[in-house]
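Its first residue numbered 0, the sequence shown is counted upward by one per residue in numbering that gives the first Met the number 0. Every residue gets a Cβ at the ideal spot worked out from N, C-alpha and C, and that includes glycine. Notes follow once the structure below has been shown.
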Amino acid sequence: MAINLDKLVGFHESALTIRTERMEVIAGNLANANTPGYKARDIDFNKAMQSAMQEASGSSTGHSSKMVRTNERHLSGNSTSVAANFDMQYRIPTQPDTGDGNTVEVQAERNRFLDNGLRYQASLEFLNGKIKGMKKALSSGGQ
Numbered sequence: 000m001a002i003n004l005d006k007l008v009g010f011h012e013s014a015l016t017i018r019t020e021r022m023e024v025i026a027g028n029l030a031n032a033n034t035p036g037y038k039a040r041d042i043d044f045n046k047a048m049q050s051a052m053q054e055a056s057g058s059s060t061g062h063s064s065k066m067v068r069t070n071e072r073h074l075s076g077n078s079t080s081v082a083a084n085f086d087m088q089y090r091i092p093t094q095p096d097t098g099d100g101n102t103v104e105v106q107a108e109r110n111r112f113l114d115n116g117l118r119y120q121a122s123l124e125f126l127n128g129k130i131k132g133m134k135k136a137l138s139s140g141g142q
């Protein structure tokens, strides 16, 4: 019987990748908290996850999101970045404008960063448990 590792870890691999990209976007927001005119951005995790799962199952909605090279000197465009595959969404600020046009709310961004980090850690622990279980099953299978 063949073991399909994609079925074992596929969902969690996608979740970890999306959470990593989201962490980078939130960190960018925090880094630009004092930049005049900077608009806070985010990745919608649910939309990104749905799209990643559709791509993994091959049930795309009919249009390909792959880039095609028309000249050998063009860059390949094969990005593993989730952020490159999804439209960035701008945050709607809950606080009034301070006059500089910046929409980063530092406390809210810190909370999102911590929440995303905890969820990343939970996915990592769950994935680690699945891998340990698989290793245990493989090592005791010969006895």
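{"query": "Residue 99 - DSSP class collapsed to helix/strand/coil", "result": "coil"}
{"query": "DSSP bridge partner residues for residue 88 (one or two, in chain order)", "result": "41"}
{"query": "C-beta contact flag for residue 7 and residue 129 at 8 Å", "result": "yes"}
{"query": "Between the CA atoms of residue 105 and residue 117 - distance to the nearest angstrom", "result": "18 Å"}
{"query": "Residue 3, DSSP secondary structure in three states", "result": "coil"}
{"query": "Spatially closest choice to residue 114 from 21, 124, 136 and 28, by CA coordinates", "result": "21"}
{"query": "Alpha carbon of residue 54 to alpha carbon of residue 139, nearest angstrom", "result": "35 Å"}
{"query": "Distance between residue 41 and residue 18 (C-alpha atoms, nearest Å)", "result": "11 Å"}
{"query": "Residue 35, buried or exposed, once every other Cβ within 10 Å from all chains shown has been counted against 16", "result": "exposed"}
{"query": "Straight-line gap, residue 13 to residue 48 (C-alpha atoms, nearest Å)", "result": "7 Å"}
{"query": "Buried or exposed (CB count within 10 angstroms, at least 16 for buried), residue 69", "result": "exposed"}
{"query": "Cβ-based neighbour list, residue 126, same chain, cut-off 8 Å, excluding 5 preceding and 5 following", "result": "8, 11, 12 and 15"}
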